Structures are given as C-alpha cells and as structure tokens.
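Chains as they are written, first to last, in the working numbering: chain A, 2 to 239; chain B, 56 to 306. Here is the structure we will look at, set down as structure tokens.
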C-alpha cells in the first residue's frame, strides 16, 4: 500500500510545486550572502552554523517551511479521509497506524530533503568539509526537527479528520505555528513545535529531555487522537 | 491373532459415524446459506437532537438484492453508513457477518460501497485510482482490477486523468471499486445516477452477477424501476423509520 501511495504522490502537482518552492528558498542565500554573514555577526557563529541557523530561522520556518509541509500533508488527508479507503482497513487501529506510519515517513523525507538542500547550499559556499566537523550537532538537530514535523503533522491530521476538512486542519495546526512565532519573537521563548524545528545550535543543551518529552507526547497524543477519531461519526466530507 | 481381529472390527466403527458427520456438514452449509449477513436490532441514531434513524430492525441474507427507497433526507444513506461502520449508533446494534460493528470490528470485513461521491484522486487515471485502493487489502491482482474496469464499460488503458471523466464515467468507476474485490456485502447508494441507458443496463447486470455470486447487495435508489427489476425485498425509509413493503406497492 505504501509503495503505491508514494508512487502516486510523486506525480502530484502539490509535490512538484513544494519541491520547486523549497529549492527557490535555498537559492535565495546564494544570491544574497549578506543574510548569512549577518547571522554570523549576531550569534558569533562560524559560517557553517550561521548558514544552518539562517536556513532554519523562525521566519522562514513559520512562513515557508511549515506551509509547504502542510501542502504536502493535504494529500494524506485526501487519501486516508475517504470512506472507500477507511473501510478497506477493516479497523480503526490499522487505519490510524497506517496514517501514523505515513506521517513518520513523510516528516523524515521532508526534513531529509531540507538537509539535502542545506548541504547543496554549503557546497555552493565551499564549506562542505565542515559538515563532518559538526556531524553530531547536525544529527541531533535532524532528530528534533523530524519530531517537530511529526508533531505538526499529527495536529494537522487529527483536526482535518475531526472536522472532515483539510482547510480546518491547516487552520488549527498553522495557528499553533503563528502563535509560537509571535511568542518567540516578542517574548523570546518558543512553546514547543517551532522550538524543535528552528532548533538553534546553542539550545541543544536540552537535547535529551526534549527528545524524550517529544516522543512521549507524540505517543500519548497519537493514542488520544485515535480514540477520539474512532468514536467520531463519518458524515459528509467537506 | 485375536488382537488383530479385534483391531479390524474396531476400525469399522468410525464408519458408523459417517451419516452423522454428513448430516453435520449439511447443517453447516444450510446455516451458512441462511446466515444473516446484516442483522440490525433496535438501531437509533440522533444527530444534534434530531432523530435520523428510529428503531430500525433488519435481517438480510446473502445471495439477495434489497431495495431501499424514500425521499431525500429520509435516512437511507445514514442507514448505509451505520451498516458500513461510518457512524456510531446512539442505541442498538449492527452486526455484519456475525461481528458487531464498533465492538468486534470497526468496519465490515468484506464490504464494497458507494456512499455520496467516491472521491477518487483527480490527477490519476481510473486504473491508478483502483490500484491504489486495491493495494490496501492487496487481495486482487492487476488483471482483476482491469477486469473490474472493463465490467463497467470503461477502458483500463485509458490514460485520461479522473478529473477529465464525465459524470457517468465517474459513476462507473465508483461501481468498479465497489465490486472489484468481490465483497460479500455491497452497499450502493444511487448506483445508476448520471448513467445513460447503456450504463444503467450494465450496472443492473453487475448487480445481478454479484447476487448470483452470493453477495448481499443493498441498493438505495429513487428509481423504482431499478429496484423492481433487481431486488427481492423492498424497504421504505420515512423520517428515519424503516418499513418493509411488497413489490406490488412499489409498482
């Protein structure tokens, strides 16, 4: 099922559009190096880390990466939200497990693609050798970001199914992102999800507690959402 | 020598059990034939304080087609949703293939359905759409999928995307997805909607073939001619209440 699902998804226009927009976003810094140098001056980081921080800074995460991620998620709702699909799973547990598996795979693939773009940008600036120097930091950030996107996808997925509308799912999940964006910029603290995605290199001191808390929360909410959805009526799709 | 003789004598005793075993087999097959595919007891469904389904009692067997009719909003689709496990009863039980829906299983195990529009993926071909659906259960081959598409009068090699299909073609593809896995219970809500004369005849033939195969087919339709031609029992839905009617009344 997954093979068929992903092979069809690759043909989707949303998918092509998202890949293209993310590639364009990566190229921006190639035309304007100053934005990375600015980051170097503010945080006193070496070029490699400044490039990393710039790529995952709060504004692009909130206004480019997250919306694109939601656009990619819409396909999943279109697939798993159909009655002809649901009844073929025979039970809610199998259906939800498949949903969750797709969320995990997609979030991992999405973050992997972002890292590929980031590495290409690093290659463009002739700093690729630094990658190995910071491999531990990269691995930690990668893990937290995958978990961050899984959390976002979980919220999107739940509210889409709950309201039977991908737009409603987007509105709720994106409102989390926007609220976090303003809180982190005005009051200098992130709540949770954006904090994971725009993980700044110097906040990795909390890596282990963050990792454990996030995994526990994802598992708990996944169980809770599954229970709520399996008791909800499937009425007309909006 | 005596022991050997005794052994031979004993070896014939199981043969005495043969008539009993045969009668047991017959009982099982008879039970199977008369087994209720769908059993509904005192089903109620309320939504936002409104009674949608009221005290529905129903027992349907395999190898038959059942017609459901009634005005818009009378509760036909809601009843189908309840049988499919898509809505939860406020009161009462729905049992399909001896398994209580929402308790032992979430959705009936061998079910094909059309409720509202099937909502295929618009950018994929008809074949790709059915293949994606079939990949969930993974119990039929590519040839079975192609055969299902041909049965409804479509071309499995048609490279056009689903969004370019006419309404009638979309409806045909919906029928194909409902029957392609040879389910034992088929729920068809307005199956002949948007179909031309030829399409209507094809769908009627498919329903007859599915009934002959042994499936229980439930058809909800405003078209009484369809119901008269296809179904052996008729049910009228009126304000959430179900009453069985005769063929004469329908005519």
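The C-beta atom is built at its ideal place from N, Cα and C for all residues, glycine as well. For clarity, every value in this text was computed on a predicted model and none was experimentally measured.
So the alpha helix (DSSP H) residue 244 of chain B belongs to, where does it begin and stop? As a working note, residue 244 of chain B is residue 189 in the second chain. Bounds of any alpha helix (DSSP H) do not take in residue 244 of chain B; it lies within the beta strand (DSSP E) bounded by 240-244.
Grouping DSSP H, G and I as helix and E and B as strand, with all else coil, what is residue 143 of chain B? By one-based count along the second chain, residue 143 of chain B stands at place 88. Three-state result, residue 143 of chain B: coil.
Could you pull out every residue in the same chain whose Cβ sits closer than 7 Å to the Cβ of residue 109 of chain B, ignoring the five residues on either side in sequence? As a first step, residue 109 of chain B must be located in the second chain, where it is residue number 54. So the list reads 99, 295 and 296, once near-sequence residues are dropped.
Compare the C-alpha of residue 48 of chain A against each of A:132, A:185 and A:200 and name the closest. Position 47 of the first chain, counting from 1, holds the residue named residue 48 of chain A. When only C-alpha atoms are compared, the closest one is A:132.
Distance between residue 31 of chain A and residue 39 of chain A (C-alpha atoms, nearest Å): Within the first chain, the letter at position 38 stands for residue 39 of chain A. Within the first chain, the letter at position 30 stands for residue 31 of chain A. So the two alpha carbons sit approximately 14 Å from each other.
Where residue 126 of chain B falls: helix, strand or coil (DSSP): Position 71 of the second chain, counted from the first residue, corresponds to residue 126 of chain B. Of the three classes helix, strand and coil, the one that applies to residue 126 of chain B here is coil, per DSSP.
Have a look at residue 102 of chain A and residue 85 of chain A and give me their C-alpha separation to the nearest angstrom. The residue labelled residue 102 of chain A in the question sits at position 101 within the first chain. The residue labelled residue 85 of chain A in the question sits at position 84 within the first chain. Residue 85 of chain A has its alpha-carbon roughly 19 Å from the corresponding atom of residue 102 of chain A.
Tell whether a beta-carbon distance below 8 Å holds between residue 244 of chain B and residue 135 of chain B. As a working note, residue 244 of chain B is residue 189 in the second chain. As a working note, residue 135 of chain B is residue 80 in the second chain. Yes, these two residues count as a Cβ contact at 8 Å.
Mind listing the chain B neighbours of residue 14 of chain A? Cutoff is C-beta to C-beta under 7 Å, in chain order. Position 13 of the first chain, counted from the start, is the residue given in the question as residue 14 of chain A. 178, listed in chain order.
DSSP state of residue 41 of chain A, grouped into three classes? Your numbering for residue 41 of chain A matches position 40 in the first chain. In the displayed model, residue 41 of chain A falls within a helix according to three-state DSSP.
Secondary structure of residue 194 of chain A, DSSP reduced to three states: Locating residue 194 of chain A in the first chain gives position 193, counting from the first residue. Correct three-state label for residue 194 of chain A: helix.
Which same chain residues end up closer than 6 Å to residue 239 of chain B when comparing Cβ atoms and leaving out the 5 residues on each side of it in sequence? Here residue 239 of chain B refers to the residue found at position 184 when the second chain is read from its first residue. The answer, listed in chain order, is 165 and 270.
What residues in its chain sit with their C-beta under 6 Å from that of residue 299 of chain B, if we drop five residues either side in the sequence? Numbered from its first residue, the second chain carries residue 299 of chain B at position 244. Sequence-distant partners of residue 299 of chain B (beyond 5 residues in either direction) whose C-beta falls short of 6 Å from its own C-beta, in its chain, are 290.
For a contact meaning CB atoms closer than 9 Å, what does residue 98 of chain A contact in chain B? By one-based count along the first chain, residue 98 of chain A stands at place 97. Correct list: empty, because the minimum Cβ distance to chain B is about 12 Å.
Where do the N-terminal and C-terminal ends of the beta strand (DSSP E) with residue 254 of chain B fall, by residue? For the purposes of this step, residue 254 of chain B is taken as the residue at position 199 of the second chain. Counting along the chain, residue 254 of chain B falls outside any beta strand (DSSP E), though it belongs to the alpha helix (DSSP H) covering 252-268.
Quick one: Cα of residue 273 of chain B to Cα of residue 180 of chain B, how far? The sequence position of residue 273 of chain B within the second chain is 218, counting from 1. The sequence position of residue 180 of chain B within the second chain is 125, counting from 1. Taking the straight line from one Cα to the other gives about 28 Å.
Chain B contact residues for residue 90 of chain A, given Cβ-Cβ distances below 9 Å: Along the first chain, read from residue 1 onward, the residue named residue 90 of chain A stands at position 89. By Cβ distance, chain B contributes 161, 162, 191 and 192.
Please list the partners that residue 170 of chain B has in chain A, where partner means a Cβ-to-Cβ separation under 8 Å. In the second chain, the residue the question calls residue 170 of chain B occupies position 115. The answer, in chain order, is 84.
Nonlocal neighbours in the same chain, by C-beta distance under 8 Å from residue 119 of chain A, ignoring five residues either side: The residue given as residue 119 of chain A occupies position 118 in the first chain. Excluding five sequence positions before and after residue 119 of chain A, the CB atoms of its chain that fall closer than 8 Å to its own CB belong to 27, 52, 53 and 56, given in chain order.
Rounded to whole angstroms, what's the CA-CA distance from residue 83 of chain A to residue 188 of chain B? Just pull it up for me. Along the first chain, read from residue 1 onward, the residue named residue 83 of chain A stands at position 82. Along the second chain, read from residue 1 onward, the residue named residue 188 of chain B stands at position 133. So the alpha carbons of these two residues sit roughly 10 Å apart.
Taking the C-alpha atoms as reference points, what is the distance between residue 8 of chain A and residue 207 of chain A? As a first step, residue 8 of chain A is located in the first chain; it is residue number 7 there, counting from the start. As a first step, residue 207 of chain A is located in the first chain; it is residue number 206 there, counting from the start. Each residue's alpha carbon lies about 38 Å from the other.
Taking the continuous beta strand (DSSP E) assigned at residue 116 of chain A, which residues delimit it? Taking the first residue of the first chain as 1, we reach residue 116 of chain A at position 115. Not the beta strand (DSSP E): residue 116 of chain A falls in the alpha helix (DSSP H), residues 93-125.
Simplified DSSP state of residue 1 of chain A, which is helix, strand or coil: In the structure as shown, chain A starts at 2 and stops at 239, and residue 1 of chain A therefore has no counterpart that could be examined.
Could you check whether the Cβ of residue 232 of chain A sits closer than 8 Å to any Cβ belonging to chain B? In the first chain, residue 232 of chain A corresponds to position 231, counting from 1. Taking Cβ atoms only, chain B reaches closer than 8 Å to residue 232 of chain A, which makes this a yes.
Quick one: what does DSSP say residue 157 of chain B is sitting in, helix, strand or coil? Residue mapping note: residue 157 of chain B aligns to position 102 of the second chain, counting from 1. In this structure, residue 157 of chain B counts as coil in the three-state DSSP scheme.
Strand pairing of residue 95 of chain B, partner residues [DSSP]: By one-based count along the second chain, residue 95 of chain B stands at place 40. Residue pairing of residue 95 of chain B in beta bridges, as defined by DSSP: B:113 and B:149.
So the candidates are B:154, B:106, B:118 and B:141; which of them puts its Cα closest to the Cα of residue 94 of chain B? Indexing the second chain from 1 puts residue 94 of chain B at position 39. Considering only alpha carbons, the answer is B:154.
Residue 86 of chain B - DSSP class collapsed to helix/strand/coil: Here residue 86 of chain B is taken as the residue at index 31 of the second chain, counted from 1. Here residue 86 of chain B scores only 46 on pLDDT, less than 50, and its place in the model is too uncertain to base an answer on.
Assigned exposure category for residue 132 of chain B - 16 Cβ within 10 Å defines buried: Here the question's residue 132 of chain B lines up with position 77 in the second chain. Burial call: buried.
Are the CB atoms of residue 99 of chain A and residue 155 of chain A within a distance shorter than 8 Å? Numbered from 1 along the first chain, position 154 holds the residue referred to as residue 155 of chain A. Numbered from 1 along the first chain, position 98 holds the residue referred to as residue 99 of chain A. Not a contact, by the Cβ cut-off of 8 Å.
In the DSSP assignment, what residue or residues form a beta bridge with residue 309 of chain B? As shown, chain B starts at 56 and ends at 306. That puts residue 309 of chain B outside it, with no answer to give.
Does the distance from the CB of residue 209 of chain A to the CB of residue 194 of chain A come in under 8 Å? Counting from one through the first chain, the residue named residue 209 of chain A turns up at place 208. Counting from one through the first chain, the residue named residue 194 of chain A turns up at place 193. At a Cβ-Cβ threshold of 8 Å, residue 209 of chain A and residue 194 of chain A do not count as neighbours.
Name the residue from B:171, B:170 and B:151 whose alpha carbon lies nearest to the alpha carbon of residue 162 of chain B. Taking the first residue of the second chain as position 1, residue 162 of chain B is located at position 107. Comparing Cα positions, the closest option is B:151.
Bridge-paired residues (DSSP) for residue 100 of chain B: As a first step, residue 100 of chain B must be located in the second chain, where it is residue number 45. Answer is B:108, bridged to residue 100 of chain B.
Cβ-Cβ separation, residue 3 of chain A to residue 135 of chain A (assumed contact under 8 Å), whole Å: Against the first chain, residue 135 of chain A aligns to sequence position 134. Against the first chain, residue 3 of chain A aligns to sequence position 2. In fact, because the Cβ distance is near 33 Å, the residues do not count as touching under 8 Å.
For residue 123 of chain B, tell me which candidate among B:276, B:218 and B:148 has the shortest Cα-Cα distance. On the second chain, position 68 is the one that residue 123 of chain B refers to. Among B:276, B:218 and B:148, the Cα nearest to that of residue 123 of chain B belongs to B:276.
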